[in-house]
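My numbering puts the first residue of the sequence shown at 1, with every later residue one more than the last. Built from N, CA and C at the ideal position, the CB exists for glycine as well. Predicted, not measured: the structure shown is a model, and the values here were computed from it.
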Amino acid sequence: MSRIVALTGGTGFIGKAIWRALESAGWTVRPLIRPSFLEGRPDFMPGKDFVQGTLEDESSLSTLVDGVTAIVHCAGRVQGVSREKFKQDNVDGVGRLARIAAKQVPAPHFLSISSLAAREPHLSSYAWSKQQGEMALEKAAGGMNWIILRPPAVYGPEDQAILPLFQWIQRGIGLQLGSSRARFSLLYVEDLANAVTQWLDQGLHSGRAFELHDGKAGGYSWKDVFTQITNKKVIPILIPGSLLSALASINQILAKVLKYEPMLTYGKVRELRHPNWVCDNNDLTQALGWEPLVPLAKGVQRTLYPYGHRSS
Ligand SMILES: NC(=O)c1ccc[n+]([C@@H]2O[C@H](COP(=O)([O-])OP(=O)(O)OC[C@H]3O[C@@H](n4cnc5c(N)ncnc54)[C@H](OP(=O)(O)O)[C@@H]3O)[C@@H](O)[C@H]2O)c1
């Protein structure tokens with residue numbers, strides 16, 4: 001039986017890890033690749049079955065899902081200011097893809113990567129769009145078997161967002177972006193990718209969202225993270241919310257003038273300063289038997305030294 005899986009977001013940080021895991025698990029991956037990504041990358045080899053297009057383009061999406069066993073939707077907008085743009089990519093995009101997929105006979109299985117942020121939609125346009133995207137999938141899913149995974153902050157080699165914080169901690173400087181009482185879960189990217197392949201392989205009937213983390217029940221404080229990364233003394237530097245907001249303000253103005261999509265925005269500051277990003281693995285482990293394999297100390301080593309591990 002052919003096992004073709006359509007993959008969106010396969011050129012991004014998490015999508016690349018999912019792509020590798022799917023191929024290792026024996027799936028034939030049919031990725032959706034944006035023309036803008038291919039421009040200037042003549043050496044990029046997406047395989048012969050890739051589809052060029054975007055989430056806005058119905059005809060590419062129809063080609064993408066034609067005859068597939070499963071769909072992994074990992075594409076998403078993770079930075080920017082405009083709620084409208086978040087809506088286009090993270091709400092309308094998943095709704096359109098699910099609607100088109102649900103017309104396939106037989107109906108493919110549909111896995112969507114949401115975010116723990118969906119739990120707190122009031123914090124930012126990003127968080128709101130992830131919650132609305134989940135609702136859009138549920139509405140459009142029809143007879144498909146679907147699942148939503150809600151990862152917390154994901155890290156690993158090739159991630160540019162968390163890596164600098166790890167590097168500073170290694171040098172003995174603990175940049176602390178939230179309160180000392182805040183707690184948060186984390187997840188190594190390959191553990192997320194393994195949860196995806198495990199769900200696809202088992203075909204477990206789901207129809208709901210599942211949280212998942214790296215196995216640390218109750219999550220981490222900033223101090224816990226410092227001690228997991230290095231044995232050296234780390235000087236914690238608490239970045240006050242007012243400074244983060246000021247930086248976000250400057251960044252938003254620059255972004256408007258220079259026309260780029262900013263990562264640090266007022267919404268991102270509210271997300272960073274939220275005191276509780278702890279999630280729970282129990283439901284997913286019970287349903288799927290999935291267990292995370294990479295604890296933080298090991299994941300940090302792999303992230304800092306992707307070409308050869310060494311301890312600090
Ligand atoms: N990173 C985290 O810590 C984290 C945590 C929880 C959830 N998530 C979720 O995981 C997903 C992937 O995040 P990431 O960190 O891997 O982000 P990323 O590196 O920015 O990757 C985003 C991917 O989505 C694609 N994409 C975006 N808009 C698209 C559109 N309109 N049409 C087609 N493709 C589009 C991008 O294509 P191009 O390469 O062409 O830009 C890229 O492949 C997102 O849904 C995000 O919300 C991430």
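Span of the alpha helix (DSSP H) around residue i
| i | result |
| --- | --- |
| Leu97 | 93–102 |
| Arg302 | 296–304 |
| Glu58 | 58–65 |
| Pro35 | 35–38 |
| Trp199 | 189–202 |
| Val257 | 241–258 |
Candidates the options: closest to residue i by CA position
| i | options | result |
| --- | --- | --- |
| Thr54 | Asp43, Ala75, Val68 | Ala75 |
| Met263 | Gln286, Gln160, Ala297 | Gln160 |
| Ser60 | Gly93, Gly47, Leu116, Val81 | Gly93 |
| Arg270 | Asp191, Tyr126, Val154 | Tyr126 |
| Gln301 | Ile229, Asn251, Gln252, Leu244 | Ile229 |
| Ala153 | Ile113, Thr197, Gln52 | Ile113 |
| Asn281 | Leu186, Val105, Leu247 | Leu186 |
| Gly123 | Gly207, Leu272, Pro306, Val72 | With the sequence shown as reference, residue 123 is identified as Leu, and Gly is not the correct amino acid for it. Minimum Cα distance to Leu123 is reached at Leu272. |
| Ala248 | Ile18, Val81, Lys48 | Val81 |
| Ala70 | Met45, Arg34, Val29 | Val29 |
| Lys130 | Pro108, Glu138, Ser115 | Ser115 |
| Val68 | Glu291, Asp49, Arg77, Val78 | Asp49 |
| Ala162 | Thr8, Gly47, Gly299 | It is worth fixing the name first, because residue 162 is Ile in this sequence and not Ala. The option with the nearest alpha carbon to Ile162 is Gly299. |
| Gln132 | Glu84, Asn145, Ser242, Arg181 | Glu84 |
| Pro236 | Leu177, Phe13, Arg3 | Leu177 |
| Ala209 | Ser179, Leu137, Tyr260, Leu258 | Leu137 |
| Lys223 | Ser179, His205, Glu211, Pro240 | Ser179 |
| Gln286 | Leu238, Lys268, Leu204 | Leu204 |
| Ile239 | Thr227, Ala195, Ile173 | Ile173 |
| Met135 | Arg96, Pro151, Glu23, Val105 | Arg96 |
Residues near residue i in its chain [Cβ-Cβ closer than 7 angstroms; skip 5 each side]
| i | result |
| --- | --- |
| Arg99 | Ala140 |
| Trp199 | Leu111, Ile147, Leu288 |
| Asn276 | Arg183 |
| Arg34 | Thr54 |
Range of the contiguous beta strand (DSSP E) that encloses residue i
| i | result |
| --- | --- |
| Gly218 | It is not in any beta strand (DSSP E) - Gly218 carries neither H nor E in the DSSP assignment. |
| Arg20 | First-last for Arg20: 13–24, but that is the alpha helix (DSSP H), not the beta strand (DSSP E). |
| Ser125 | Taken as a continuous stretch (DSSP letters only), Ser125 belongs to no beta strand (DSSP E), being part of the alpha helix (DSSP H) at 125–140. |
| Gly308 | Looking at the DSSP string, Gly308 is not in any beta strand (DSSP E), and its letter there is neither H nor E. |
| Phe110 | 109–113 |
| Val154 | 153–155 |
Cutoff 6 angstroms; reference residue i; Cβ partners in own chain excluding five residues on either side
| i | result |
| --- | --- |
| Trp168 | Leu175 |
| Pro164 | none |
| Gly156 | Tyr188, Val189, Thr303 |
| Thr63 | Val51 |
| Tyr307 | none |
| Gly9 | Gly15, Cys74, Ala75 |
Any non-hydrogen atom of ligand 2 within 7 angstroms of residue i CB
| i | result |
| --- | --- |
| Ser36 | In terms of ligand content, the structure shown lacks ligand 2 and carries ligand 1 instead. |
Cβ of residue i within 8 angstroms of any chain B Cβ
| i | result |
| --- | --- |
| Lys87 | The structure shown contains no chain B; it is built from a single protein chain. |
*Kindly confirm or deny that the stretch 204–217 and the stretch 37–57 touch, where touching means at least three C-beta pairs closer than 8 angstroms.*
no
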